[in-house]
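So that you can map any letter, position 13 of the sequence shown is 13 in full-length UniProt numbering, and since no number is skipped, the others follow by simple counting. Glycine included, every Cβ here is placed at the ideal spot set by N, Cα and C. Bear in mind the structure is a predicted one, so any value in this text is a computation, not a measurement. Okay, so here's the structure we're looking at.
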Amino acid sequence: MTTGTSGPGNPDSLKAELLELEHRGWRSLCDGTGSDFYGSLMTEDGVMVLAHGEVFDRAAVVASLSGAPTWDGYEITGERVAGLGPDTAALVYRARAHRGGADAVFTALMSSVYTRRDGAWRLVLYQQTPVPHPEA
C-alpha cells in the first residue's frame, strides 16, 4: 500500500532514497564539498530558503558553499515523506549540526522538495526553520 507517497515503490523505499540524498548533502557540508554536491543536485531553478532569512538560487548556493566553514557533525531525526505528485516528494526532518564547540549548534526543521528528472532525484526547494535552543 502506498499512502501519501509519490513515485514507484513503497513509502519506506522512497523515504530511504530521499533520506540518503539528505545524508549525502550533510556529509558534503562536513567534508567541504557542498558547493559541488548541491550544484549538481539542485535543479536550474531550485532555491533554498535559509534560516538567516535569505533566499538563494542555485548559483548563490554554490557560491556561498565554496569555501564555507565545514560542520563537525550532524544528526537527522523525525524524518517523514509527503507525496506531492507522481515524480515529486517532500522530505521533512529535524537536523542538529555542530561545529567549533557547544556554542555553535544549529537545530532546525528542514523541508526538501525533490522531483525526479531523467531518472534521478533533483532538489527543487529546500527550507530551514530554526528551532530555538532552550536557555540553560
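- Flag this pair as yes or no: are the beta carbons of residue 144 and A89 separated by less than 7 angstroms? The shown model of the chain, from 1 to 136, leaves out residue 144, and the question about it has no answer.
- From the beta carbon of R24, is the nearest beta carbon of chain C less than 7 angstroms away? No chain C is present in this structure, which holds just one protein chain.
- Message: Give me the residue from L21, F37, M110, Q127 with the minimum Cα distance to L65.
- Response: F37
- To the nearest angstrom, report how far apart L109 and G67 are at their CA atoms. 25 angstroms
- Task: Within the UniProt domain "DUF4440" (18-123), note down every full beta strand (DSSP E) run reaching 3 residues or more, in order along the chain.
- Result: 42-49, 55-57, 73-85, 88-98, 105-117
- Run the CB neighbour count on V105, radius 10 Å, all protein chains shown included, and call it buried at 16 or more, exposed below. exposed
- Item | C-alpha gap between H52 and L123, whole angstroms | 20 angstroms
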